[in-house]
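>
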Amino acid sequence: MFELLIFFLPASVLIIGALIVVFAKNPVHNAMGLVMTLISLAIIYITLNATFVAMVQMLVYAGAVMTLFLFVIMMIGVDKKEQTSDSIKGQTFLVSGVFLILMSLLGYVAVNSEFSWNLWFPAVDYVVEGTPQLIAGTLFTTWIFPFEIISILLIVATAAAIALAYDSKIRNKDA
Amino acid sequence: MDFLFILPIFLPLLTAIFLFLNRKIFNELVTNFFTLNSALLSFAISFFAFVTFALDKFKPISITLYQWTRTPDITIGFTLDGLSGVMLLLVTGLSFVIQLFSTSYMEKDEKHSNYFVYFNFFVFSMLLLVMSSNFLVMFFGWELVGLSSYLLISFWSQKPAAAKAGNKAFVINRIGDFGFLIGLMIILNTFNTFDFHTVMQSSTNVSENTITTISLFLLLGAFGKSAQFPLFSWLPDAMEGPTPASALIHAATMVTAGVFMLVRISPMLQHSATASIVIISFGLLTALIAAFSAMNQYDIKKVLAYSTISQLGFMFIAIGAGAYVAAIFHLVTHAFFKALLFLGAGAVIHSMHHEQDMRKMGGLRKRMPITAGMMGIGTLAISGIPPLAGFWSKDEILASVFAKAGMANELVFSIMYYLFWALTLGAALLTAFYMGRHWLLIFEKDNGIDHSEVQEAPKAMTRPLILLGIFSIFIGFINTPFFHGLEKVLHETLENVEVTHLPEGIALVILAVLSIGAGFTGLIIAFLIFGFQLHKRINLGKFKLESPINLVKDLSSNVLYLNKFGNVFFVSGMKNFSRKVAVVVDGLIIDGSVNFISSAFGKTSKITSATQTGLVRNYVVYFGLFLILLISLFIFTPLVAQ
Amino acid sequence: MTGISDILGFNFVVIGPTLTLLATALILLFVTITISTPTFVKKYVTLFGILSTVFAVFLKFGLFLSDGVSSYFSEKILLDEFALVGNVLIVLVLLFTFNSFWKTSSQIDNKTTEALILILMSASGFLLMVDSENFIMLFIGLEIGSISLYALAGLNRGDQLSNEASLKYFLLGSLASCILIYGIALVYVSLSISGVYETSIAISFIGPENVPLTSLIGLILIIVGLLFKVAAAPFQAWAPDVYQGSPTGYVGYMASVAKASSFIVLARLSAVSLNFIIDKFDLFFTAVIILSVLLGALFATNQSDLKRLIAYSGVIQSGFILSGISFGVYGISASIFYLATYIIQLIGVFTIFSIISGQLSSNFAISNLSGLFKENKFLTITFSIFMLGIAGLPLTSGFVSKFILITNLWSYEKYILVTVLMLSTVAGFYFYLKPIWVAAVEKTDNTIEQIKIQNSDKLLISTLAFLTIYLGLLPNTLVNITRWMVENYL
Amino acid sequence: MTGIILSLLLVPLFSALLVFSIPNNRKELFRPIGIVFSLITFTQSMYILFSDYSKSDFQILLKFEWIQVYGLEINLGISGMSTLLLLLSSLLVLLSLLSIGKDHSESKGFIGSILTLHFAINGVFISGDLISLFIFFEALLIPMYFLMGIWGGDNRRYATIKFILYTVFGSIFIFIGTVYTAVISYGVNARLAVDFETLSTLEITASQSKTLFLLFTFGFLIKVPIFPLHTWLPDAHVEAPTAGSILLAGILLKVGAYGILRVSIPFFTEGFLEYKNIVAVLSVIGIIYGAVVAIAQIDIKKLIAYSSISHMGYVMLGISAGEFLSIEGAIIQMINHGITAGALFMLVGFIYERRHTRNISSFGGVKITMPRYAAIFLFTSFASIGLPGLNGFVGEFMILMGSYNSYKMLTSIAAFGVVLAAIYMLWAYQRVFTGPLSNEENKNLQDLNLRETVSIFPLVLLMLFIGIFPSYIESFVIQEAGNLSETISLFRSTK
Amino acid sequence: MLEVTTDWYLTLAAILFSIGFFGMMIRKNALIMFMCIELMLNAVNLTFIAASKHFGQIDGQIAVFFVLVVAAAEVVVGLAIIVSIFRKQSSASVDVLNVSRG
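As you go down the protein sequences, you meet chains A, B, C, D and E in turn. Numbering-wise, the first sequence is residues 44 to 218 according to our numbering. Numbering-wise, the second sequence is residues 4 to 645 according to our numbering. Numbering-wise, the third sequence is residues 66 to 555 according to our numbering. Numbering-wise, the fourth sequence is residues 5 to 499 according to our numbering. Numbering-wise, the fifth sequence is residues 26 to 127 according to our numbering.
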């Protein structure tokens, strides 16, 4: 019973949060919904023995990324109403259909996998705890190359952000 | 000396080329000199060759010039036998006489030399046709005479009517040629050769159906060239050309090509009863229609044109009756007196300053005695008055038809041929009538117009007339019931042909009397009406003949409305049809469907590219839709999910 | 003595090109930050970096010749024929587009270094992508490359179209990345592996008929993610908008590098991972190919913007290339040939566009070409050669590639595909000849502005045009190379 | 001989490049260069004509490897038929270069395009395998595109695109056919061998043969063009400049028939026997239809274009009858139509240069001001009509004689085309040249000058020569026609 | 008694992914679309971690790190793009940006 509760409680918060992200009109509410989702995800991670990932999730996502989001929301203003009218008639209808079908299909795909798992890749009995030691051990041996390479991604992101958002004219004005 | 007879064929061609190349340099005199001498020379050589040939007992001589194509083995070859020999003499002789006439007639025409170029070219083509030893060379000549007649008819092409007439002549001839061509196809595929000799020899081995088919298609060709019903309407129009040319082409030579050709294939023709009946019926029909139409024409040349058609009909009747010698005989005599009549008409026209309407003539006899006399001889000859040339030949035809009726083994055919004979006799009567009318209208009837300025034609014109007049009188004696000269000449040619012979004894005499009677009757009626003015002297009022006569007059002058019918149905019909095809079928249906495909593609493109809205969320929807499609594809297709 | 690095398969030659590019980028960054550098220094540093990369690729060849196909870095990096050809293609793209992206970058105020870094980094990302043996590695490489491209599209910030292009590219690209990584996750979740070869081994282990649906869907989603990058329909929607909006000088690079690397990866997937189950994807590939070819042709017919037209033509070409990749190994070699020749023509076309319209401009209507023949005959002729090459007219490489490809398809009995592809070729002649008409044929009074064409550009364009003709006349060498690529997989 | 074969390709190409490389201010050089080089090609073709090679079936003289891994080769060779066509193309290129007026002769692009076209045409006729045939077949489009597009009439855009799309649409069928053949050949020879020598020994099943015949023939028939696929031709002719029209009618139309004779019939005979009736019916419809539509035309060029459809119908009838004589006739008709139609288009070009209209109704009585022109036009018209003694007759005659054996009814209908030909040609002549000079503008027309006369004269001579001595030209095609008909009868007997 | 199996987590991830996709389809605000992308990436992460537990492998959790970094990098670039656009036309709605179309 506790197992169910510990799954369904964060799961329902997660879905509610996600729906808020999708449906809320005020960007701040959306961001809060996202935070809800991320935190409940972190809880689920813990139940899945991924404690370190859960921590990182809290820190990086719910912390840093969301701050960034909120900062931009504040910067470009929250008072602007979004244009909600559709340019194609019946789009909402279509989209809802797509959504429902896609969801059920993906769900079916996920559930359908059980058969083959049990045959070829049965669930293991032992528990692999995602502790920092274990993660570090793997990350710095077999995954060392991607780990180093991901730094390029960050450099690229930085360069891109500078190139796009950094305005030399403003800098010159200040100077 | 065998090759000698080739020379007259190519001499006119060489003359034509020579004159063409020097047309800018030579003046009229030089041109005349060359063309006349060449014509005389070729006639002399022909005569010499013919005499040699005659001395050799009319044994055919063949010469192969070169190979035209290797497969099938077709050669350019010529042959001299009785038939072609007669034609050779006829063509070269008449060509000389008529050229002599032309030198004066075409005097001071700005395209004087062109005329002689075309003329010589025509003579060449005609000789090619008659001297050919196989069907291909004959077809060459056949088409080339069409070409040269086109050139001569539309000689004064700045006159729209002349251009139109030339065109019409060529096109209608082409319809005939189309038949000829199909005939050639069947011949080649049946006999595998074009050589006359071989074809005729092996024609006995071929089924009658094939022979009939070949004959009928060749007959179509003959109809076109010889202006037989229903392809005759070009010949009256062709009178737009220079009159001497008409004399040669549309009276003496080219139009008789059909007759010539049918005689040439007579060994084949005799095996097909159907073809004979078709020939005789169409010949008779033509003879009657043309004679009827000639009765009410006022153009001096058109009367002669219809007369020619009618006389050609007689020749066809002869062929249909199996009297091939009679056909050739009539061809020869007709050539002379019709040339005479045409040249005479030419002389009149020349003197009248190119006036051709007979209603504006009349009483010219005193002004132009020689012409009038010579034309009188021609008229008598064509009417079949003995002992002039026409009598002998026409009488032979009539007698042959009669004889054919006697020979028929079934009563129905017998009656039919007797009917043919009677109708032919009627046509002969009509001939005499309209020819009498023709002469009387020109030379006798007084229309109250002053012709004091009209003078006798120059000597260069009258001399040929006199020459032809003499021939018209005496040429008939080459083949009389008493002296079968022409028959002997043609003997080798018609070796295996069953020729209808004249009835013997008293029957022949009675027939002759009847035919003479027809001729005289026709002339007398003509005289009564146009000379004696009978209808003015007696009161016909109570008989109320006005309207039937007017109807007949109307029908006659309009050629039974056949020309109008042809114009409406074929000429305008063709134009409208092709315009409709071009606009509706080609433009709307075929091209339209092509354009429709492209415009449909363009429209589809326009519609579909509207889906590229530029809105990200729409793009995502496409993404999603395709993802759904994909995943359901994998879930629900047996192909993928086993 | 084997150290830990040997066990983990450290080898710096194999990632030499990536490292060289990275080093160049960092040097650029460093010199720009520290000292005020004259532009020509940047130019030569970049050029030198690219040339060193070429050298590094040569070294890689040496390594391949001695070691053969092998994995490095704990099976994260793979050195095989695909990787080598991919490296060569990407480096060549860099080399050929250097002129135009350098000029474009130098025209962007104060952002030259950033632009250059972005380009070099994206190239290194795509290099990693074609080198990767692991799907996660693939994802990282793809992201490095793509993120730089998103930024490049928006670099001309004064232009609304450029912004728009950047945002659209980013949103849709991220979505595609999500789909790709979700596919990787599904493969991982169903097979507990995430590698190219591992997949193949796992499938052969459980038997092709037992492959779980989840992993099939996962693989499909991976492929979809890659198809997005090559703009195959129905994932083509971004391409015209992005091509149109991006600075013209960059589009050649953006289009060709993404296409080259994605197709190489797709080819490897098809030859290795999907080796045993390729027939299950038959319907999927057929649908994508037919859609690409038809939609591409339909949309292109209606275009008045030349860059959009080329984008849609790219959709068609993607269909063509994909058709070879999706069926058997011989087809892959044909597709790689096609890819190589197409990239040459693509770069040529965009180089010409950027010369005519200026590097930074976004819109490029067909009418911009009018009067080109009067102004510059060289550009007109080479432009015609490239367009005819793309159309597939004989005597150009486009024909040879189509011929080889169709021959292969026919031998696999893909008759429907052949029909559709050929029909689109006919339609293609309509819209490929349209710009030629405007440029060369149409008589017009309004001439375009005077075009100044540098010698380096002239050299570059004539090289590309020469290659197009040369490969059309004597394609033997390149065909041999592409055949050598797949020989091990026969 | 191999050198000559290669130079037939390279000399035109070289001359085109030479013309392109001459600076624009040496305008006077363009035409002489073109003429000199096409004269060289002409001489070379003559040399081949007088060698043994021209009298036999196709033989490959030169082959080199193209794509090694697929075993693809490029083969070049000649036969009697192709030599004749090569000669014709060199002659027509030469004469069309000579005939063009000043505004074209001083244009670098125009001369260059024509020479490029010459290169591609020569390529078609000397290619010895399907691939090179296809390559050159398509390469023809490029110079034609520019010729029509740049120097065409008002509606040239529509016509050019139609021309290109039609041809490309046809050529994809040839392309697929080539691919199919190559794949079949791969199964036997383990390489994509599609040279004519290999193909003649390649054994294919009946159904393959049928499919392949359909594919190839459909593509070639569009080029011919046959009846319902013909609508590109009138538009193309009307809009193309004179030289383009001459080459289009003179040679490009022959490419289709050449392809059928070279590829469709000898290699896919079974398919030919299966579908020849359809082709024959369509050709006969084309003969009559083209002639009927020609009657209604008001544009001289369009009239000649439709007459081309009619005349090429004869060629296709002869080919589809498959008899020895008919095939021989078809080949000869190809040459003859090339000469005649080329001459007619050249003549129309002359008057177009003077009056800038081709509308029949705006002429009339032109014979008075231009007697020499009228004479040559009439002469050529008669050649086109098929008057015996001129070239037009020879081919049509042989075709009709030969086809009659196979198709009695159809051939008889086809023969009616000669009547219609007379109607439309002579009617047009009548309206343009005869009658009084009604239009003021026609009163100052100049007769043909020396250059124009010289450029039309060889064609006139040829018309006469071939018409009178057809056995000479026949000797170059007997072998091929014989082989083709033998192949056909062999298959017919085994069927 | 129901047992929480891996499938549950996977289904949850699928639902999360679909919701993210749904958001992409209906929203016009670029910021919110980013958030939806974040949702989808998190769904992927959930899948990885569930699989990691199921197989007893740590690799799934490692993959999550990389996805995390990628997500962060994307957010940076995306927000930079939005800022750049905002500077130009003070709007972050994607639908305003449909100049290039067709």
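Just so you know, even glycine gets a beta-carbon here, dropped at the ideal spot from N, CA and C.
1. What did DSSP end up calling histidine 122 of chain D once you bin it into helix, strand or coil?
2. Determine whether the Cβ of valine 624 of chain B lies closer than 8 Å to any Cβ atom of chain A.
3. Tell me asparagine 137 of chain B's beta-bridge partners as DSSP assigns them.
4. Would leucine 468 of chain B be called buried (16 or more neighbouring beta carbons within 10 Å of its own) or exposed?
5. Just tell me which of D/Leu53, D/Phe383, D/Glu32, D/Leu22 has its CA closest to the CA of isoleucine 8 of chain D.
6. Since isoleucine 380 of chain B contacts glycine 472 of chain B with CB under 8 Å, what's their CB separation in whole angstroms?
7. Identify, in the order they occur along the chain, each residue of the same chain with its Cβ nearer than 6 Å to the Cβ of leucine 81 of chain A, setting aside the five sequence neighbours on each side.
8. So aspartate 306 of chain C contacts chain B; which residues on that side make the cut at Cβ distance below 7 Å?
9. Mind checking the region 140-152 of chain A against chain B and listing, in chain order, the residues whose C-beta falls within less than 7 Å of any C-beta there?
10. Quick check on this structure: which residue in C/Thr102, C/Ser70, C/Phe75, C/Thr547 has the alpha carbon closest to the alpha carbon of tyrosine 137 of chain C?
11. Could you tell me whether the Cβ of glutamate 484 of chain D comes closer than 8 Å to any Cβ of chain B?
12. May I ask you to list, following chain order, the residues of the region 363-380 of chain C that have a beta carbon less than 7 Å from some beta carbon of chain B?
13. Does glutamine 86 of chain E have its Cβ less than 8 Å from a Cβ in chain A?
14. Leaving aside the five residues before and after alanine 308 of chain B along the sequence, list all residues of the same chain whose C-beta is less than 6 Å from its C-beta, in chain order.
15. Using a Cβ-Cβ cut-off of less than 8 Å, give me the residues of the region 41-63 of chain E that come near chain B, in sequence order.
16. Taking 7 Å as the limit between beta carbons, can you name the residues of its chain near alanine 644 of chain B, skipping five residues before and five after?
17. For alanine 267 of chain C, which residues in the same chain have their Cβ closer than 7 Å to its Cβ, ignoring the five residues on either side in sequence?
18. What residue from B/Glu413, B/Phe477, B/Ala276, B/Val457 has the CA that sits closest to phenylalanine 332 of chain B's CA?
19. Residues in the same chain with beta-carbon distance under 6 Å from lysine 372 of chain D, minus the five sequence neighbours each way, listed in chain order, please.
20. Return the CA-CA distance between serine 165 of chain C and threonine 416 of chain C, expressed in angstroms with no decimal places.
21. Which stretch, first to last residue, makes up the alpha helix (DSSP H) that contains isoleucine 82 of chain D?
22. Can you have a look at isoleucine 51 of chain E and say buried or exposed, based on whether 16 or more other CB atoms are within 10 angstroms of its CB?
23. Report the three-state DSSP secondary structure of threonine 509 of chain C (helix, strand or coil).
24. What does valine 124 of chain E reach in chain B if we use C-beta pairs closer than 9 Å?
25. Find the residues of chain B that neighbour leucine 137 of chain A, judging by a C-beta separation of less than 7 Å, and give them in chain order.
26. What in chain E is Cβ-close to alanine 456 of chain C, meaning under 9 Å?
27. Is the beta carbon of threonine 201 of chain B sitting closer than 8 Å to the one on proline 474 of chain D?
28. Determine, using beta carbons only, whether valine 172 of chain D comes closer than 8 Å to chain C.
29. Return helix, strand or coil for asparagine 193 of chain D, following the three-state DSSP convention.
30. Can the beta-carbon of alanine 515 of chain B be found closer than 8 Å to that of aspartate 360 of chain B?
31. Can you pull the chain B residues whose beta carbon is under 9 Å from the beta carbon of lysine 233 of chain C, in chain order?
Quick look at the numbers:
1. helix
2. yes
3. B/Asp198
4. buried
5. D/Leu53
6. 5 Å
7. Residues of the same chain with a CB within less than 6 Å of the CB of leucine 81 of chain A, apart from the 5 flanking positions on each side, are Tyr104, Ala105 in chain order.
8. Gly617
9. Val141, Ile144, Leu145, Leu148, Tyr151, Val152
10. C/Phe75
11. no
12. Leu363, Phe364, Thr366, Asn367
13. yes
14. Leu238, Pro239, Met242
15. If the cut-off is 8 Å between Cβ atoms, the region 41-63 of chain E has Phe46, Met49, Met50, Ile51, Arg52, Lys53, Met58 near chain B.
16. Summary for alanine 644 of chain B: the model assigns pLDDT 43, below 50, so the residue's position carries little reliability; its value from the coordinates is reported in the next sentence. Cβ within range, chain order: Phe637, Ile638.
17. Leu256, Ile258
18. B/Phe477
19. Residue 372 of chain D is actually isoleucine in this sequence, not lysine. Excluding sequence neighbours, isoleucine 372 of chain D sits near Leu441.
20. Rounded to whole angstroms, the gap between the alpha carbons of serine 165 of chain C and threonine 416 of chain C is 6 Å.
21. Counting along the chain, isoleucine 82 of chain D falls outside any alpha helix (DSSP H), though it belongs to the beta strand (DSSP E) covering 76-82.
22. Isoleucine 51 of chain E is classed as buried because its beta carbon has at least 16 other beta carbons within 10 Å across all chains shown.
23. coil
24. Gly617
25. Val624
26. In chain order: nothing, as chain E lies at least about 22 Å away.
27. no
28. Yes - at least one Cβ of chain C is within 8 Å of the one on valine 172 of chain D.
29. helix
30. Result no, Cβ atoms of alanine 515 of chain B and aspartate 360 of chain B do not sit closer than 8 Å.
31. Gly617, Val619, Tyr622
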